[in-house]
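Asker:
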Amino acid sequence: MKQEEILELLNKMTLDEKIGQMIQIKVNEARNENKDLIYNVGSILNSVGAKNVKKIQSEYLSKNRLKIPLLFMADIINGYKTIFPSPLAQGCSWNIEVIRRIAEISRNESAFAGVNVNFSPMVDLVRDARWGRCFESVGGEDPFLAKIYAKIIVDEYQKKMNDNKLMQASCVKHFAAYGAVEAGREYNTVDMSKRELMEYYMPGYKSAIDSGAQMVMTSFNIINGIPATVNNWLLKDTLRKKWKFDGVIITDYTSMLECINHGIAKDEEDVAKKAIDAGVDIEMISTCYIDSLKKLVKENKISMAQIDEAVLRILNLKNKLGLFENPYGFADENMEKKYVFSLKNLEQATKLTEETIVLLKNKNNILPLNSNKRVALIGPYANNRAISSSWSIFVENENTKTLKEIFEKKLGKKNFEYSEGCKLLKKQELEQLLKVQPEEIRNNMEQYEDGDIQGVIEVANKADIIILAIGEHYLQTGEGCSRSNIEIPKIQQNLLDELYKLNKPIVAVLFNGRPLQLNNIENKLDAIIEAWLPGTNGAEAIFNILYGKSNPSAKLTMSFPQNVGQCPIYYNHYNTGRPDKTGSRYESKYIDIPTESFYSFGYGLSYSKFVYSNLRLDTNILKRNSKIILKVNVKNDSSIAGKEVIQLYIQDLVGSVVRPVKELKAFKKEYFLPYEEKEIIFEINEEMLKFYNENLEYKAEPGMFKIFVGTNSVETINEVFNLIKE
Ligand code: BGC
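Heads up: the sequence shown at position 420 corresponds to 624 in the working numbering, and the numbers run straight through without jumps.
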């Protein structure tokens, strides 16, 4: 439709019809007392399936006076039916083509299933492993990665928007700084300087907006005293005015109503006024808008222009998605049948998943395994289908292969035996965990009993190598799953202790959402594979890594703490006045654990061996609007071909505000043949040196900089250069 036609449509709408557009409901939760309401709402949450979506849309349109189509929005953060690794794991690939392919398949599958808007990417910066939602963050603890990944994902979802070909609108979330909740406790307070916000927390969202993301979702948390959902500085001054965002702002699930609990508004009407004043267009699930906006207009507390502005944005989005011409969008039963969960997508999933698996330890190069060795596959995750993230809401777990199934298929029964070993949790722990779960989850849980240690020992005794599949219970990680203890559950640690006594090599495969505290188990393990929550074809990808059919190349994007007491911990921290250098008492450190992380940002091993040398700059003087050419030699000093992520960090040695000890500024993922040596080239320019100063100006300051190049954020070779004034 042309813009004039949209404006005409807006003119024809009654106030009730307009307010309806500003509400998002779940189909089954339409309120009984106001049946007509359901035929006026603007959007639906998490209804999927081409047939289902078409039915809802056609029924709705038959009752809707002005025939304004519904928008279908859903959470497809790591795939629709073909489930990919969690976004945190995706980020560990450091491969934008991996991120793009996952976004592409996720978009196609879910668009065929009728999803118009995807609540993705999630780019909350995460530094605290206690927070259950770390696994959703595509950029992990790094703003530069968040920025790059956000762009790739948004571009991929929306790239065909202008030609109305298979596409989806992107809703970036959760605006803002939800990952910084105090003490890692879910939905908790965030209080930080605007400088800190702009420098670290905002780049991911900003990049999504600059890439044209059509929607923004507000976060549950308070920011500097005001909940994000009614925060004028955040939504109006920053998002709308400074960043010129003219798309649709939606609240998170009931986050508008929750402003009453926050103590910022006395009742629903009060919240509704504050939210519309801050520029919120759609309220998700709660009913402050529907119950109060009309009254607020009638009493002149808000203006009709405010309502019109919000509705116009929503209608414009529907128009951009082509829904006025074709209300069913790309929902297509035939394509759904052909494409969704297709063999091709699954094959891709295996390949893509391999690049997200991080090799954390490989003592004496015990990996890759030789298929002649007899293995015992043990542990509560060895034959478990629940290895997709908790936001894989449309997953069909029966279609997820387990490690046991893949081992059986690939090795036959001769060289391997399986034992569960123990349950995921002790019975009382599980009961405790289930107490807080919604009913549908509780009803679907298996019955729990304690494990059979004896049977396991027999199986393990026959093997040359033990592969131990352990991890966090999938209900222990995700929304509402903050933990003060981020170790592997005790029952699984006990199992490891028993196996350790057998004096056989043990390879752990970890299934978890967040970084875990591994100090209690690491010394008992010969190798550790961080598989995250790898999704439908995760088991096959793990098998390929274990047996060297694929060489691990992923690197951590979140630091693993020595101990939960270190959280929040992140590589790009500031120095203190007393850095931990000599270990003496009056330095900034802990007296019971080391200062540094257990596994650092950027860390991850390979079966190849990469050697860095000969770091050189073409000049040590950087002039404004000029560049330095940096070259470094990287050699694969092994007979195994593999990929390496070459990482470049910079430290501004003296600034008008303190600067981090290092910051990721560039990286390249390169493929190396056996013994191949390459000259890797980076360009350093002034843009890479900019930061927010005290007046929130984004500028580079002349002076000395240190440059670090290496295989992770700790093992680097270094150089210095000078940015000069003119
Ligand atoms: C989550 C969002 C999600 C929304 C809709 C909320 O609970 O915080 O990330 O998009 O639900 O499902």
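Don't be surprised by glycine CBs; every beta carbon is placed ideally from N, CA and C.
Keeping to the same chain, check which residues put their C-beta closer than 8 Å to that of residue 862; ignore five residues upstream and five downstream.
Answerer: Translated into the one-based positions of the sequence shown, residue 862 becomes position 658. Only 778, 779 meet the Cβ criterion.
Asker: Compute the Euclidean distance between the alpha carbons of residue 891 and residue 833, then round it to the nearest angstrom.
Answerer: In the sequence shown, counting from the first residue as 1, residue 891 sits at position 687. In the sequence shown, counting from the first residue as 1, residue 833 sits at position 629. The straight-line gap from Cα to Cα measures roughly 14 Å.
Asker: Examine the ligand BGC and report whether any of its heavy atoms sits within less than 7 Å of the Cβ of residue 249.
Answerer: As a working mapping, residue 249 is identified with position 45 in the sequence shown. Yes, the ligand BGC has a heavy atom inside 7 Å of this Cβ.
Asker: Which two residues bound the contiguous beta strand (DSSP E) that contains residue 701?
Answerer: Within the sequence shown, residue 701 is the residue found at index 497, counting from 1. Careful: residue 701 lies outside any beta strand (DSSP E), inside the alpha helix (DSSP H) at 694-704.
Asker: If you draw a straight line from the alpha carbon of residue 564 to that of residue 338, how long is it in whole angstroms?
Answerer: Taking the sequence shown and counting its residues from 1, one reaches residue 564 at position 360. Taking the sequence shown and counting its residues from 1, one reaches residue 338 at position 134. When rounded, the distance between both Cα atoms is 19 Å.
Asker: Got a sec, what are the start and stop residues for the alpha helix (DSSP H) residue 552 sits in?
Answerer: Reading the sequence shown from its first residue, position 348 is the one you call residue 552. For residue 552, the enclosing alpha helix (DSSP H) starts and ends at 547-558.
Asker: Which residue's Cα is closest to the Cα of residue 533: 750, 906, 259?
Answerer: On the sequence shown, position 329 is the one that residue 533 refers to. Ranking the options by Cα distance to residue 533, first place goes to 259.
Asker: Are three or more beta carbon pairs between the region 626-638 and the region 530-550 nearer than 8 Å?
Answerer: no
Asker: Please classify residue 415 as buried or exposed, where buried requires at least 16 other C-beta atoms within 10 Å of its C-beta.
Answerer: Walking along the sequence shown from the start, residue 415 turns up at place 211. By the neighbour-count rule (16 or more Cβ atoms within 10 Å), residue 415 is buried.
Asker: Between residue 225 and residue 740, what straight-line distance do the alpha-carbon atoms span, to the nearest angstrom?
Answerer: Here residue 225 is taken as the residue at index 21 of the sequence shown, counted from 1. Here residue 740 is taken as the residue at index 536 of the sequence shown, counted from 1. So the alpha carbons of these two residues sit roughly 36 Å apart.
Asker: Let me know the beta strand (DSSP E) ranges lying completely inside the region 552-621, each 3 residues or longer, listed in chain order.
Answerer: The region 552-621 contains these whole beta strand (DSSP E) runs: 562-566, 579-582.
Asker: So, using beta-carbon positions, are residue 324 and residue 287 closer together than 8 Å?
Answerer: Working through the sequence shown from its first residue, we reach residue 324 at position 120. Working through the sequence shown from its first residue, we reach residue 287 at position 83. In this structure, residue 287 does not lie closer than 8 Å to residue 324 by Cβ.
Asker: Using a Cβ distance threshold of 8 Å, determine whether the region 875-887 contacts the region 897-909, with at least three qualifying pairs required.
Answerer: no
Asker: Out of 328, 253, 721, which has the shortest C-alpha to C-alpha gap to residue 539?
Answerer: For the purposes of this step, residue 539 is taken as the residue at position 335 of the sequence shown. Looking at the Cα atoms, 253 is the closest of the given residues.
Asker: Using DSSP bridges, identify the partner residues of residue 882.
Answerer: In the sequence shown, counting from the first residue as 1, residue 882 sits at position 678. Answer is 838, bridged to residue 882.
Asker: Thinking just about the alpha-carbon of each residue, which of 229, 290, 267 is nearest to the one in residue 249?
Answerer: Taking the first residue of the sequence shown as 1, we reach residue 249 at position 45. Per the Cα distances, 229.
Asker: Ends of the beta strand (DSSP E) at residue 391?
Answerer: In the sequence shown, the residue the question calls residue 391 occupies position 187. Unbroken run through residue 391: none, as it is neither H nor E.
Asker: Tell me the DSSP secondary structure of residue 442 in three-state form.
Answerer: Position 238 of the sequence shown, counted from the start, is the residue given in the question as residue 442. If DSSP states are grouped into helix, strand and coil, residue 442 belongs with the helices.
Asker: List, from N- to C-terminal side, the beta strand (DSSP E) runs of 3 residues or more that fit wholly inside the region 441-474.
Answerer: 452-454
Asker: Could you pull out every residue in the same chain whose Cβ sits closer than 6 Å to the Cβ of residue 791, ignoring the five residues on either side in sequence?
Answerer: By one-based count along the sequence shown, residue 791 stands at place 587. So the list reads 782, 784, once near-sequence residues are dropped.
Asker: Going by the beta-carbon positions, is the gap between residue 374 and residue 340 smaller than 8 Å?
Answerer: In the sequence shown, counting from the first residue as 1, residue 374 sits at position 170. In the sequence shown, counting from the first residue as 1, residue 340 sits at position 136. No, Cβ-Cβ distance for residue 374 and residue 340 is not below 8 Å.
Asker: On the CB-based measure, 16 or more other CB atoms within 10 Å of its CB, does residue 858 come out buried or exposed?
Answerer: In the sequence shown, counting from the first residue as 1, residue 858 sits at position 654. Exposed is the call here.
Asker: Touching or not, the region 457-471 and the region 416-430, by the rule of three or more beta carbon pairs under 8 Å?
Answerer: yes
Asker: Determine whether the beta carbon atoms of residue 573 and residue 673 lie at a separation below 8 Å.
Answerer: Locating residue 573 in the sequence shown gives position 369, where the first residue counts as 1. Locating residue 673 in the sequence shown gives position 469, where the first residue counts as 1. Result no, Cβ atoms of residue 573 and residue 673 do not sit closer than 8 Å.
Asker: With a Cβ-Cβ cutoff of 8 Å, do residue 727 and residue 810 count as a contact?
Answerer: For this step, residue 727 is matched to residue 523 along the sequence shown. For this step, residue 810 is matched to residue 606 along the sequence shown. For residue 727 and residue 810, no; Cβs fall outside 8 Å.
Asker: Can you tell me the Cα-Cα spacing of residue 284 and residue 317, whole angstroms?
Answerer: The sequence position of residue 284 within the sequence shown is 80, counting from 1. The sequence position of residue 317 within the sequence shown is 113, counting from 1. C-alpha separation (whole angstroms): 9 Å.
Asker: Measuring from each Cβ to the nearest heavy atom of the ligand BGC, keep the ones under 5 Å and list them in chain order.
Answerer: 279, 323, 456, 457
Asker: What separation, rounded to the nearest whole angstrom, lies between the Cα atoms of residue 301 and residue 227?
Answerer: In the sequence shown, residue 301 corresponds to position 97, counting from 1. In the sequence shown, residue 227 corresponds to position 23, counting from 1. In this structure, the CA atom of residue 301 is about 36 Å from the CA atom of residue 227.
Asker: How far does the alpha helix (DSSP H) with residue 539 in it extend, from its first residue to its last?
Answerer: Taking the sequence shown and counting its residues from 1, the one referred to as residue 539 is at position 335. Element bounds for residue 539: 537-543.
Asker: DSSP on residue 397, reduced to helix/strand/coil?
Answerer: Here the question's residue 397 lines up with position 193 in the sequence shown. Note: residue 397 maps to coil in three-state DSSP.
Asker: Any idea if residue 770 is buried or exposed, counting beta-carbon neighbours within 10 angstroms, 16 or more meaning buried?
Answerer: Residue mapping note: residue 770 aligns to position 566 of the sequence shown, counting from 1. Result: buried.
Asker: Please report the residue range of the alpha helix (DSSP H) in which residue 207 lies.
Answerer: In the sequence shown, counting from the first residue as 1, residue 207 sits at position 3. Per DSSP, residue 207 belongs to the alpha helix (DSSP H) from 207-216.
Asker: Run the CB neighbour count on residue 351, radius 10 Å, all protein chains shown included, and call it buried at 16 or more, exposed below.
Answerer: Locating residue 351 in the sequence shown gives position 147, where the first residue counts as 1. By the neighbour-count rule (16 or more Cβ atoms within 10 Å), residue 351 is buried.
Asker: So what does DSSP say about residue 375, is it helix, strand or coil?
Answerer: Walking along the sequence shown from the start, residue 375 turns up at place 171. DSSP places residue 375 in strand when its eight states are reduced to three.
Asker: Under three-state DSSP, which class holds residue 914?
Answerer: Position 710 of the sequence shown, counted from the first residue, corresponds to residue 914. Residue 914: strand per DSSP, three-state reduction.
Asker: What residue range is occupied by the uninterrupted alpha helix (DSSP H) comprising residue 294?
Answerer: Position 90 of the sequence shown holds residue 294. Here the alpha helix (DSSP H) through residue 294 covers 291-295.
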